[in-house]
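Residue numbers (the numbering used here), protein chains in the order written: chain A, 16 to 429; chain B, 120 to 380.
Don't be surprised by glycine CBs; every beta carbon is placed ideally from N, CA and C.
Owing to the predicted nature of the structure, the values given are computational and were not obtained by experimental measurement.
Contents: one structure, followed by commentary.
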């Protein structure tokens with residue numbers, strides 16, 4: 016008897032006991048559905064985070080004072096010399112740092128910002144003119160600072176969309192509006208497009224002013240060596256491939272400038288975007304695999320359910336097996352029939368499970384509008400393949416038992 | 120016990136030739152010598168009943184003749200082929216192609232039409248699907264169930280179910296039909312109807328039929344009776360004037376015992 020005919024016999028047997036077949040499949044349905052949903056959701060979160068980092072800017076390295084490896088932990092006061100304008104401009108040396116394409120400087124702080132009527136305590140960033148370009152900040156109106164503003168220490172500001180909402184609730188386009196940061200008056204020359212919350216902070220809720228103005232008027236920050244302090248240097252590497260090389264060059268230059276002896280730790284930190292992405296990706300990957308593994312356990316339980324029912328079915332149909340053998344069925348005909356039954360149970364269950372997983376993915380997409388979950392084809396292939404294997408594996412024992420039945424005893428079985 | 124040589128079939132043209140068959144099996148710790156040397160021949164076109172009390176070895180003999188089991192010693196030639204030493208798959212092929220079984224309890228597949236039940240042996244014999252349909256229909260017509268082909272067993276009477284089982288036994292054109300107490304679960308009217316069909320198949324189509332029965336009245340419808348006791352043949356005799364099914368009334372049990380003995 017061919018496989019096709021065995022399959023027909025198996026399908027007829029399953030169809031003749033629909034409720035039991037459905038209940039048996041339920042374990043596999045839930046298992047596969049869970050695997051597909053969780054893996055799709057995991058991938059969606061991973062995509063979301065990758066997008067978030069992309070929106071910060073490409074090929075970007077961050078140089079911050081202090082070190083995240085100190086025992087005081089991240090967020091502690093910078094322990095070393097800090098970073099200065101001079102440190103930043105030294106990174107532009109084309110011989111010492113050939114892979115650094117551009118830099119932007121930022122000095123951050125916070126202060127009370129008002130426009131006479133409204134008042135708010137906001138983050139203030141003094142940034143160099145190319146900040147907008149490096150960080151992919153897009154203007155919704157007006158203009159960003161230029162070299163002229165920087166040189167002149169102009170009292171001009173570019174504000175984020177949330178700042179617009181807070182300070183100018185009546186006016187969506189507050190160009191040329193007046194604001195005060197602390198005691199200093201500024202003129203608004205541009206507003207930014209919304210970017211949403213990033214991994215670190217909400218860039219929409221910041222008032223940007225020229226770095227020179229911030230360093231002299233808002234947060235006077237002359238360092239011990241007479242140089243102005245800054246909070247972060249953004250470095251754009253020549254290309255994504257060269258980001259690692261650029262990081263090494265930056266490290267070498269800054270160690271020299273900070274007179275750090277060989278063997279001593281850095282008093283600054285260079286983080287590449289790729290590193291952040293990779294570590295975030297690693298963590299998410301582990302979580303996704305972990306969730307998948309938990310879901311796979313339910314697949315396993317489903318498989319055991321199939322084996323259980325197949326064993327019951329073999330016992331229940333002992334006479335039928337005896338009859339089939341008496342009528343000329345070989346061992347392998349009986350074994351194939353029961354194997355196909357269990358594989359069909361598993362694969363049909365797996366297919367329904369994929370549909371369930373698709374629905375689950377859609378529901379997640381509806382509930383979490385930031386995520387854009389797509390059906391993970393990998394998960395679908397994995398889950399269906401795995402469920403077929405589960406059916407095969409857990410079908411072998413009952414099928415072998417059925418095939419081994421002695422026809423005489425089987426026919427006499429009550 | 121000496122077997123009457125007058126009824127022994129000739130070696131030539133024998134469908135079944137068994138010689139000194141023995142079969143012993145273990146029932147728990149007890150060794151049961153179910154067959155202790157059974158020999159007989161059966162020519163093509165025979166109609167025979169094996170009789171005997173329970174424990175006489177009837178079932179064991181049927182299992183051996185049906186190739187469901189193999190003997191410990193002795194030989195069994197089915198249409199000249201020694202089937203006593205075949206492996207499982209080869210035995211399955213013999214069962215599929217040369218033997219038709221009719222059981223006391225019908226053994227039809229539930230929730231399966233009469234037609235599909237009849238097609239079952241052909242499934243395992245590798246008969247193409249069109250031919251399967253055709254042969255199943257022809258067999259059902261032969262047992263008078265042309266109008267019940269799509270009925271499921273639960274929609275058929277016991278007698279009708281047994282007729283489906285006979286049709287199923289016929290479809291692969293077997294060398295012999297082995298019927299184990301085919302009337303045991305039927306009322307006398309349905310029983311006679313089943314015997315009438317088996318008799319008809321034997322008389323008209325020349326099909327060899329071996330019945331197992333403990334009913335002397337049923338045995339009187341066949342040409343020959345082999346009596347088993349304690350694993351041996353104690354009598355092998357020709358029935359002088361076989362009854363034609365449906366033409367004679369069942370006499371009282373007492374009369375029958377006398378008549379057959």
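DSSP-derived helix/strand/coil call for residue 281 of chain B: Helix.
Proximal residues to residue 429 of chain A (C-beta, below 6 Å), its chain only, five neighbours per side dropped: none
Distance between residue 65 of chain A and residue 210 of chain A (C-alpha atoms, nearest Å): Linking residue 210 of chain A to residue 65 of chain A through their CA atoms gives a straight-line distance of about 14 Å.
Beta-carbon proximity check, residue 4 of chain A vs residue 271 of chain A, cutoff 9 Å: What the structure shows of chain A is the stretch from 16 to 429, and residue 4 of chain A is not part of that stretch, so it cannot be assessed.
Chain-ordered chain B contacts of residue 20 of chain A [CB-CB under 7 Å]: 242
Buried or exposed by the 16-neighbour rule on C-beta atoms within 10 Å, applied to residue 131 of chain A: exposed
Simplified DSSP state of residue 126 of chain A, which is helix, strand or coil: strand
Three-state secondary structure (DSSP) of residue 60 of chain A: Under the three-state reduction of DSSP output, residue 60 of chain A falls in the helix class.
Beta-carbon contacts of residue 177 of chain A that lie in its chain and below 6 Å, excluding the five residues immediately before and after: 219 and 220
Burial state of residue 109 of chain A (16 or more Cβ within 10 Å): exposed
Segments of 4+ residues assigned as alpha helix (DSSP H) that fall wholly inside the region 323-369 of chain B: 335-338
Buried versus exposed call for residue 92 of chain A [16 or more other C-beta atoms within 10 Å across all chains shown]: With a pLDDT of 47 at residue 92 of chain A, under the threshold of 50, the modelled position of that residue is not reliable, and no figure is offered here.
Rounded Cβ spacing between residue 403 of chain B and residue 297 of chain B (contact assumed at less than 8 Å): Nothing about residue 403 of chain B can be read from this structure; chain B reaches only from 120 to 380.
C-beta contact flag for residue 143 of chain A and residue 120 of chain A at 9 Å: Note that the C-beta distance between residue 143 of chain A and residue 120 of chain A is below 9 Å.
Which of helix, strand or coil DSSP assigns to residue 85 of chain A: For residue 85 of chain A, the predicted model reports a pLDDT of 45, less than 50, meaning its position is unreliable; a value from the coordinates is still stated below. In this structure, residue 85 of chain A counts as coil in the three-state DSSP scheme.
First through last residue of the alpha helix (DSSP H) which encompasses residue 348 of chain A: DSSP places residue 348 of chain A in the uninterrupted alpha helix (DSSP H) bounded by 346-382.
Same chain, Cβ closer than 6 Å to residue 223 of chain A, five either side skipped, listed in chain order: 140, 142 and 173
Straight-line Cα distance separating residue 368 of chain B from residue 346 of chain A: Here the C-alpha atom of residue 346 of chain A lies approximately 46 Å from the C-alpha atom of residue 368 of chain B.
Any C-beta of chain A under 9 Å from that of residue 258 of chain B: Not an interface residue.
Residue 297 of chain A (DSSP reduced to helix, strand or coil): helix
Closer than 8 Å at the beta carbon, the chain A residues around residue 207 of chain B: 345 and 346
Below-9 Å beta-carbon distance, residue 359 of chain A vs any chain B residue: no
Buried or exposed (CB count within 10 angstroms, at least 16 for buried), residue 87 of chain A: Annotation note: pLDDT 45 at residue 87 of chain A (below 50); position unreliable, coordinate value reported separately. That one is exposed.
Whole-angstrom C-beta distance between residue 194 of chain A and residue 182 of chain A, which should lie under 8 Å: 6 Å
Residue environment, residue 179 of chain B, which counts as buried when at least 16 other CB atoms sit within 10 Å: buried
Inter-residue Cα distance where the pair is residue 171 of chain B and residue 311 of chain B: Their Cα atoms are separated by approximately 20 Å.
Alpha-carbon spacing of residue 252 of chain A relative to residue 411 of chain A, whole angstroms: 58 Å
Chain B contacts made by the region 393-426 of chain A, where a contact means CB separation under 9 Å: 421, 422, 423 and 426
The region 35-65 of chain A: positions lying closer than 9 Å to chain B by Cβ: Those would be none; no residue qualifies.
Identity of the residues DSSP links to residue 271 of chain A by a beta bridge: Looking at the DSSP assignment, residue 271 of chain A forms no beta bridge with any residue, so it has no partner.
6 Å Cβ shell around residue 58 of chain A - same chain, five flanking residues per side excluded: 391
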